[in-house]
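There are 2 protein chains.
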Amino acid sequence: MLSKNKIALINSLKSKKGRLKNNLFIAEGSKLFDEMLHSSFKTKFVFGKKDWLSKIENHHENSECEYFHIEENEMKKVSSLTSPQEVLALVEIPKFKYEHSEIEKELSLVLDRVQDPGNLGTIIRIADWYGIKNIFCSEDTVDAFNPKVIQATMGSIARVKAHYVDIISFLKNNPNGSNFPIYGSFLDGLNIYKTKLENHGLIVLGSESHGISQEILPFISGKITIPSFNDTLNRPESLNVAIATGIICSEFRRNLMIYD
Amino acid sequence: MLSKNKIALINSLKSKKGRLKNNLFIAEGSKLFDEMLHSSFKTKFVFGKKDWLSKIENHHENSECEYFHIEENEMKKVSSLTSPQEVLALVEIPKFKYEHSEIEKELSLVLDRVQDPGNLGTIIRIADWYGIKNIFCSEDTVDAFNPKVIQATMGSIARVKAHYVDIISFLKNNPNGSNFPIYGSFLDGLNIYKTKLENHGLIVLGSESHGISQEILPFISGKITIPSFNDTLNRPESLNVAIATGIICSEFRRNLMIYD
């Protein structure tokens, strides 16, 4: 049986306040557990059901994490998932750093007020797929270590760095003028299929309900749009922000491959 | 105060069985309500909070739906949303039909065991954006009239027809050979950025965990893949199925625009 302290610790990590205090986040399921163990992240505590523990313990005896047995009913109580898994791990929140000199040469994402945890997690997974290493999130973007975000990243949180920054200061301090394009996704920009897209710079994505904040607009050097192919009157207003991110990243990267 | 019967009716529509029995589905929020009202769907009952009703009633006095006042605490009890909205509507489930002659000329999606409601709703919204009118779902794909699917479609359910079919019979009865390509999304197919993609035919998408079923494979004439641009060893295994759908639809449609 799990101690009351451990149950309280797990539950505290469901809120940002608790995560900040304990510097830990929750990763559930054996897929995520494996990803964490093979990453640079430090897994501290592992709560496994009996069967899972008996399979796993021999393999990981050298690892630094502490293993605990958790009963089925305890797992149901602490899990954030609708179908609780066989393992729940607590992992140290890393300190992500970046160098301006690195950002200058690469493509990175900037997220302005993305509030849905599933969307943020999916965006981190997309970035990982397309070899994008850094995401800059506005301070009112949902916390990347929220359990729902972590689950949706499917492990990509260990490979893509999500930095929380004051977006305006970040854009002000950023690389030099015309050589460093700052793209923004809009409903009325240039047709993304017909626009030359550089493979370095920033791509700014706003929230679905509010779009990109007014204060950010002056920094945008390229307004881009995914055109709709629905020519009926009553067509959808927009795409989901994670879907738009996937399509935009695909468009930026396909050029690398086509003109290789 | 809402009658017990009405509360029981709303709650029954959260299960597929209840929806089949009553031939109604739930649409929550004023955005979805508006979409329903301006569609060919028949809205039967509308449960609105006081303020919302007072704004709306004059505008819709000719509509055929019945309006009811719902209290804040009643809305909380019947809503499927984490943040209940000001209106919840019950809409008749339509009978979707299609003609083979129509399908032959168009691009349609085929979904094999897509089980997450958010993913299905988002795929319906993507189809709507890219002018895809028909989606063929395997019988074990989540029900398109599940409240979570409906919310994620953001109204696109009124413009894209989701047909539930026996996929194998559907593929067997489908148009003629080489002039009707059947694409499938795989992890080991042809690079989608370098493959000629026709603007008619079917695109089959499997579930994230199982891929496309074995029995469907013989029907696939074009295996396609979204290549990853992450060349590190420890890279993600796949993209979320809705993200993959967005990127694939974008690739099929961009050709129409580029070679126009």
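Chains as they are written, first to last, in the working numbering: chain A, 1 to 260; chain B, 1001 to 1260. Glycine included, C-beta positions come from ideal geometry on N, C-alpha and C. Just so you know, these numbers come straight off a predicted model, no measurement behind them.
{"Query": "Less than 8 Å between the CB atoms is what I'm expecting for S15 (chain A) and N22 (chain A), so what's the real figure, rounded?", "Result": "The Cβ separation is near 11 Å, so there is no contact."}
{"Query": "Name the chain A residues that come within less than 8 Å of A1089 (chain B), Cβ to Cβ?", "Result": "Result: empty, since nearest Cβ-Cβ is about 17 Å, beyond 8 Å."}
{"Query": "Use the C-beta contact count for D140 (chain A): other C-beta atoms within 10 angstroms, 16 or more gives buried, fewer gives exposed.", "Result": "exposed"}
{"Query": "From this set, B:N1173, B:V1046, B:Y1067, B:G1246, which residue's C-alpha is nearest S1185 (chain B)'s C-alpha?", "Result": "B:G1246"}
{"Query": "Just tell me which of B:T1195, B:A1152, B:F1047, B:L1111 has its CA closest to the CA of L1205 (chain B).", "Result": "B:L1111"}
{"Query": "How would you list, in chain order, the residues of chain A whose beta-carbon sits under 7 Å from the beta-carbon of T1122 (chain B)?", "Result": "N240, I243"}
{"Query": "Show which residues of chain A have a CB atom less than 8 Å away from the CB atom of G1155 (chain B).", "Result": "P236"}
{"Query": "Going by Cα to Cα distance, which pick from A:I203, A:I132, A:S250, A:G18 is closest to I93 (chain A)?", "Result": "A:G18"}
{"Query": "Would you call the CB atoms of Y1183 (chain B) and I1224 (chain B) closer than 7 Å?", "Result": "yes"}
{"Query": "Who are the neighbours of T250 (chain A) on chain B, taking C-beta pairs under 8 Å?", "Result": "It should be pointed out that residue 250 (chain A) corresponds to Ser in this sequence rather than to Thr. Within chain B, the residues near S250 (chain A) are I1226, I1247, S1250, E1251."}
{"Query": "Mind reading off the beta-carbon distance from L233 (chain A) to W1129 (chain B)? Whole number of angstroms is fine, and I expect it under 8 Å.", "Result": "With a Cβ gap of about 15 Å, L233 (chain A) and W1129 (chain B) do not count as contacting."}
{"Query": "Could you check if T82 (chain A) is buried or exposed, using at least 16 other CB atoms within 10 Å of its CB as the buried criterion?", "Result": "exposed"}
{"Query": "Let me know the secondary structure DSSP gives V110 (chain A) once reduced to three states.", "Result": "strand"}
{"Query": "As an exercise, report each continuous beta strand (DSSP E) stretch of at least 3 residues that is fully enclosed by the stretch 193-222 of chain A, in chain order.", "Result": "201-205"}
{"Query": "How would you label D51 (chain A), buried or exposed, when you count the other beta carbons within 10 angstroms and need 16 or more for buried?", "Result": "exposed"}
{"Query": "Output, in chain order, the set of chain A residues within a Cβ distance shorter than 9 Å of M1257 (chain B).", "Result": "N191, Y193, K194, P227, F229"}
{"Query": "For K1148 (chain B), which residues from the same chain have a beta carbon less than 8 Å from its beta carbon, with the 5 sequence-adjacent residues on both sides left out?", "Result": "S1080, P1117, G1118, G1121"}
{"Query": "Going along chain B in order, which residues have a C-beta closer than 9 Å to the C-beta of R113 (chain A)?", "Result": "None at all; the shortest Cβ gap to chain B is about 16 Å."}
{"Query": "At a cut of 8 Å, does the stretch 213-228 of chain A reach the stretch 98-106 of chain A through at least three beta carbon pairs?", "Result": "no"}
{"Query": "For a quick check, are the C-beta atoms of A162 (chain A) and I135 (chain A) less than 7 Å apart?", "Result": "yes"}
{"Query": "Helix, strand or coil: how does DSSP classify K1161 (chain B) here?", "Result": "strand"}
{"Query": "Where does the unbroken beta strand (DSSP E) through H1069 (chain B) begin, and where does it stop?", "Result": "1066-1069"}
{"Query": "Using alpha carbons as the reference points, say which of A:Y67, A:Q214, A:Q151, A:K6 lies closest to G29 (chain A).", "Result": "A:Q151"}
{"Query": "Where does F1025 (chain B) land, buried or exposed, given buried means 16+ other C-beta within 10 angstroms?", "Result": "buried"}
{"Query": "Answer yes or no: the CB of L1020 (chain B) versus the heavy atoms of the ligand MG, is any distance below 6 Å?", "Result": "No copy of the ligand MG appears in this structure; indeed no ligand is present at all."}
{"Query": "Who pairs with S1039 (chain B) in a beta bridge, going by DSSP?", "Result": "Bridge partners of S1039 (chain B): none, in fact."}
{"Query": "Give the C-beta separation of F1252 (chain B) and L1197 (chain B) to the nearest angstrom, bearing in mind that I take them to be a contact with Cβ-Cβ under 8 Å.", "Result": "5 Å"}
{"Query": "On the CB-based measure, 16 or more other CB atoms within 10 Å of its CB, does D1143 (chain B) come out buried or exposed?", "Result": "buried"}
{"Query": "Would you mind stating whether L32 (chain A) and G211 (chain A) have Cβ atoms separated by less than 7 Å?", "Result": "no"}
{"Query": "Do I1132 (chain B) and L1107 (chain B) have their C-beta atoms within less than 7 Å of each other?", "Result": "yes"}
{"Query": "Apart from the five residues on each side of it in sequence, which residues of its chain come closer than 7 Å, Cβ to Cβ, to L1187 (chain B)?", "Result": "T1225, S1238"}
{"Query": "With I226 (chain A) as the anchor, note down where its beta strand (DSSP E) starts and where it stops.", "Result": "I226 (chain A) -> no beta strand (DSSP E), and no H or E assigned at all."}
{"Query": "Quick check on the DSSP output: the alpha helix (DSSP H) that includes L1120 (chain B) runs from which residue to which?", "Result": "1117-1129"}
{"Query": "So the candidates are B:T1153, B:V1046, B:R1113; which of them puts its Cα closest to the Cα of C1137 (chain B)?", "Result": "B:R1113"}
{"Query": "Within 10 angstroms of its Cβ, does I1167 (chain B) collect 16 or more other Cβ (buried), or is it exposed?", "Result": "buried"}
{"Query": "Which one of B:L1020, B:I1007, B:N1073 has the shortest CA to CA distance from V1046 (chain B)?", "Result": "B:I1007"}
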